[in-house]
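Once you know that position 415 of the sequence shown is 421 in the working numbering, the rest is easy, because the numbers rise by one and skip nothing. The structure under discussion appears below in the form of structure tokens.
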Amino acid sequence: MLIHHRHHNGHVQKFLRRLLTMCFALCSVAAAAQEADADVEVAMPAGLETELDSLLAEWNNKNNLLYDPDCEAGDENPACDRETVMHRLSRLPNVIEMPYNEVVQQFIDQYTGRLRRSVSIILGSSNFYTPIFEEALEAYQLPLELKYLPVIESALNPNAVSRAGASGLWQFMITTGKQYGLEVTSLIDERRDPVRSSYAAAAYLKDLHDIFGDWTLAIAAYNCGPANVRKAISRAGGSMDYWQIYPYLPAETRGYVPAFIAANYAMNYYCEHNICPVAARLPAATDTVTVCRNLHMDQIVALCNVPAEQVVALNPQYRTSLIPGDNRPCTLRLPTSAMAAFVAAGDSIYSYHATELLTSRREVEVAQGARQAGRSSRSGSSSSRTVTVRRGDTLGAIARRNGTTVARLKSLNGLRGSDIRAGQKLRVR
């Protein structure tokens, strides 16, 4: 009996060891599953968090979008079943796969419900921005449905800034923007330039597609970066299916592709959900000119009969009222009527109140003590220099050629106004 008892205990111990091993294995599997699903909550992309009041605060929206009172009052969102939504998605003339699932439905419900007023405004603004997006995408031979990425990125607000510091319609971070040729300085931020940022975004999207060979993964990488997508692919066992790597992506990226699909749906089927686009009264036509000299927006406003707010709205890349043409050629966009006045004004637009508006000095004198100032005055006559005014010269042109300022020229020569004549001698030092 003793031997039998020992034999029995051995079986029990083996059984317990196996049971513990199985428990550890099951715990490991559960832990792995929990790691994948722990934060599968879906964060809202930035464009969906944009408040209606913020959209209405934009000058273009306040002054160029007209509301139909009957349409604005229509808040009823006709219900439709999943089969109808699936059928509508399947009918979109897209290259990028846009399947239906419950996550996509959640975002469709957002656009057609809580955000329906915002969608009305976005639809109105898209009349101005969509042709710019399509031109850039077409230049890189990319699917045109990508034109709806800025809807979820910025709600079509060129001045949008995310909590992370991304800026513009396409929400470029500074580092990525500079990699794709967008200049960012204290005076200019080309991430906010609708045209230049659109071409940069198209180039970036093409590169991402070249990396992953799949548009859904490229769109996810646009949001969270290619490194995070590669990490999710690895954690999902090498799967290249977005919906398989979904649990391993950052929270916002989980919502990014479904929101993109929902934006395509809302921008194509808004009528079926009783959403009316506001009518756009944006400039019927605009034109651009290259500015190669410093120019203040107040000079444009004064001589081109265009509201200051419209100049700012059409040129969101400039961080101040100065267009820094002295630094590098800069693009100025104006309504066609104002552009005609700009061209007709010629050089006079640059000289208009230049001393008051263009106040950055090229050269300044350092104040000196009385003894040193006395020595300086005794030797002043030997260091003075004069120039002869050429035909067509202005004080501004002479100042630039000689590294001085208009104010200094006026002081040295006792001038009250800006009138000078060819052949006149002027002291420049």
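By construction, the Cβ of each residue, glycine as well, lies at the ideal position given by its N, Cα and C atoms. Predicted model only: the values in this text are computed from it and were never measured.
*Closest to Pro-330 by CA distance: which of Val-312, Gln-111 and Leu-364 is it?*
Leu-364
*Where Lys-431 falls, given that 16 or more other Cβ within 10 Å makes a residue buried*: exposed
_Helix, strand or coil, according to DSSP, for Arg-169 in the structure here?_
coil
*Smallest Cα separation from Val-395: which of Ser-424, Val-370, Gln-374 and Glu-371?*
For the residues Ser-424, Val-370, Gln-374 and Glu-371, the minimum Cα distance to Val-395 belongs to Ser-424.
*Count the other CB atoms within 10 Å of the CB of Thr-90; is the residue buried (16 or more) or exposed (fewer)?*
exposed
*For Leu-32, count neighbouring C-beta atoms within 10 Å of its own C-beta (all shown protein chains included) and say buried if the count is 16 or more, exposed if not.*
With a pLDDT of 35 at Leu-32, under the threshold of 50, the modelled position of that residue is not reliable, and no figure is offered here.
*How is Asn-229 classed by DSSP in three states: helix, strand or coil?*
helix
*Run the CB neighbour count on Arg-397, radius 10 Å, all protein chains shown included, and call it buried at 16 or more, exposed below.*
exposed
*asked:* Under DSSP, the alpha helix (DSSP H) around Arg-339 begins and ends at which residues?
replied: For Arg-339, there is no enclosing alpha helix (DSSP H); the enclosing beta strand (DSSP E) has its first and last residue at 336-341.
*For Thr-27, does the three-state DSSP call read helix, strand or coil?*
Because the pLDDT of Thr-27 is 42, which lies under 50, any placement of that residue in the model is unreliable, and the number read from its coordinates should be weighed accordingly. Note: Thr-27 maps to helix in three-state DSSP.
*For the candidate residues Val-295, Thr-181, Pro-283 and Glu-315, whose alpha-carbon lies nearest to that of Ser-131?*
Nearest option by C-alpha distance: Pro-283.
*asked:* Given a cut-off of 9 Å on the beta-carbon distance, is the pair Asn-333 and Leu-193 in contact?
replied: Contact flag set, yes.
*asked:* Check whether chain B comes within 9 Å of Ile-114, counting only Cβ atoms and requiring the distance to be less than that.
replied: Chain labels in this structure do not include chain B; a single protein chain is all it has.
*Residues bridged to Asn-300 by DSSP?*
Bridge pairing for Asn-300: Pro-330 [DSSP].
*Under a Cβ-count criterion, where at least 16 other Cβ atoms within 10 Å of its own Cβ denotes burial, should Gln-177 be classed as buried or exposed?*
buried
*Per DSSP, which residues does Phe-178 bridge with? Please list them.*
In the DSSP assignment, Phe-178 forms a beta bridge with Ser-173.
*asked:* I need the DSSP call for Leu-421, collapsed to helix, strand or coil.
replied: coil
_Distance check for Gly-219 and Asn-300, CA to CA, integer angstroms please._
45 Å
_Element boundaries [alpha helix (DSSP H), containing Val-125]_ = 122-145
_Here's the rule I'm using: 16 or more other beta-carbon atoms within 10 Å means buried, otherwise exposed. How should Lys-20 be labelled?_
Because the pLDDT of Lys-20 is 48, which lies under 50, any placement of that residue in the model is unreliable, and the number read from its coordinates should be weighed accordingly. The residue is exposed, with fewer than 16 neighbouring Cβ atoms inside 10 Å.
*asked:* Quick check: Thr-337 and Thr-294, are their CB atoms within less than 9 Å of each other?
replied: yes
_CB contact flag (Val-109, Arg-260, <9 Å)_ = yes
*Per DSSP, which one or two residues make a beta bridge with Thr-394?*
Lys-431
_Exposure of Ser-417, with buried meaning 16 or more beta-carbon neighbours within 10 Å_ = With fewer than 16 Cβ atoms within 10 Å of its Cβ, Ser-417 is classed as exposed.
*Within this structure, are the beta carbons of Leu-148 and Tyr-228 separated by less than 9 Å?*
no
*For Glu-159, count neighbouring C-beta atoms within 10 Å of its own C-beta (all shown protein chains included) and say buried if the count is 16 or more, exposed if not.*
buried
*Are Leu-309 and Ala-347 touching if we call contact CB-CB under 9 Å?*
yes
_Distance between beta carbons of Thr-410 and Val-434, contact taken as under 8 Å_ = 6 Å
*When we look at the beta-carbon of Val-448 and count the other beta-carbons within 10 Å, is it buried (16 or more) or exposed?*
Any property of residue 448 remains undetermined from this structure, which presents the chain solely from 7 to 435.
_Integer-rounded CB distance, given that Tyr-275 should sit under 8 Å from Arg-94_ = With a contact defined as Cβ atoms closer than 8 Å, Arg-94 and Tyr-275 qualify at about 5 Å.
*Leaving out the 5 sequence neighbours to the left and right, which residues in its chain are closer than 8 Å to Ala-42 when beta-carbon positions are compared?*
Confidence at Ala-42 is low in this model, with a pLDDT of 40, below 50, so the placement of that residue should be treated as unreliable; the coordinate-derived value is given next. Excluding residues within five positions, the ones whose Cβ falls inside 8 Å are Arg-241, Pro-253 and Tyr-254.
*State the DSSP-derived secondary structure class of Val-295, mapped to helix, strand or coil.*
Of the three classes helix, strand and coil, the one that applies to Val-295 here is strand, per DSSP.
*Is the beta carbon of Arg-122 sitting closer than 9 Å to the one on Ile-355?*
no
*Let me know if Arg-198 comes out buried or exposed under the rule of 16 or more other beta-carbons within 10 Å of its beta-carbon.*
buried
_Excluding the 5 residues flanking Pro-164 on each side, which residues of the same chain have their C-beta closer than 7 Å to its C-beta?_
Gly-174, Leu-175, Arg-198, Pro-200 and Pro-322
*May I ask you to report which of helix, strand or coil DSSP gives Val-101?*
coil
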